[in-house]
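Sequential numbering of the sequence shown, starting at 19, is according to the working numbering. Where a beta carbon is used, it is the ideal one built from N, C-alpha and C, also for glycine. These numbers come from a predicted model, not from an experiment. Encoded as structure tokens, the structure appears first; notes follow it.
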Amino acid sequence: MNTTDDLIHAIIKYGIFKVSMNPDTRVLKFEEFDASEVSIQLGEIESEKAYDRLMDAKSKGITVEDDGSTEVEVDEEMKKFIAALKWETILFSDISKITIRNEEPEAERDSERTYDEPLVFERDAPAGVTVRDIVEGVWCVKAQKNNYWNELYCGIDKKEIKDNNMTLTIGFDYGS
């Protein structure tokens, strides 16, 4: 039931709020990583997917029993893996480079202007891609670095793996 993509999404959804930049030194700060919060996010993602499947079936006129449950079964191996997550946990030992892109054309950069070019984060990761690499990359491609609600991380639009390189295209919601 739990896929690698869902786990990455849960890690980003939680971790993006744990990164900030000191405006004077421009150094990123990573707050303590609480792995139990990733489990909560993973459960919410699975519940949203179950709800979407239910609504899709109902819209097609298919009768579906809805017990109202949002409980999600996470296997024991996944629970142990999640419980051990830290910023430096290697998620992909066989990936040596990660590229993260924000290709939203309407993204307002610097709150005053727009750019035609996508924001891109690239990092060589010879020892493998870590939790920190992924979350830092998503934070870096946010157009509005410290605005978590007007530019809200929504998910991974596309994931490609080729020749030990992973490219993630990230989706953001820009409010109304």
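In the three-state DSSP reduction, leucine 109 falls in the strand class (E or B). Straight across, the Cα-Cα distance linking valine 153 with lysine 97 is about 20 Å. The Cβ atoms of threonine 117 and glutamate 94 lie no closer than 7 Å to each other. Straight-line spacing of the CA atoms in methionine 39 and leucine 46 works out to 4 Å.
Here arginine 150 is buried: its Cβ has 16 or more other Cβ atoms, across all protein chains shown, within 10 Å.
Less than 7 Å divides the Cβ of isoleucine 100 from the Cβ of alanine 53. Closest in C-alpha terms to leucine 103, from the list Lys177, Ile30 and Ile188, comes Ile30.
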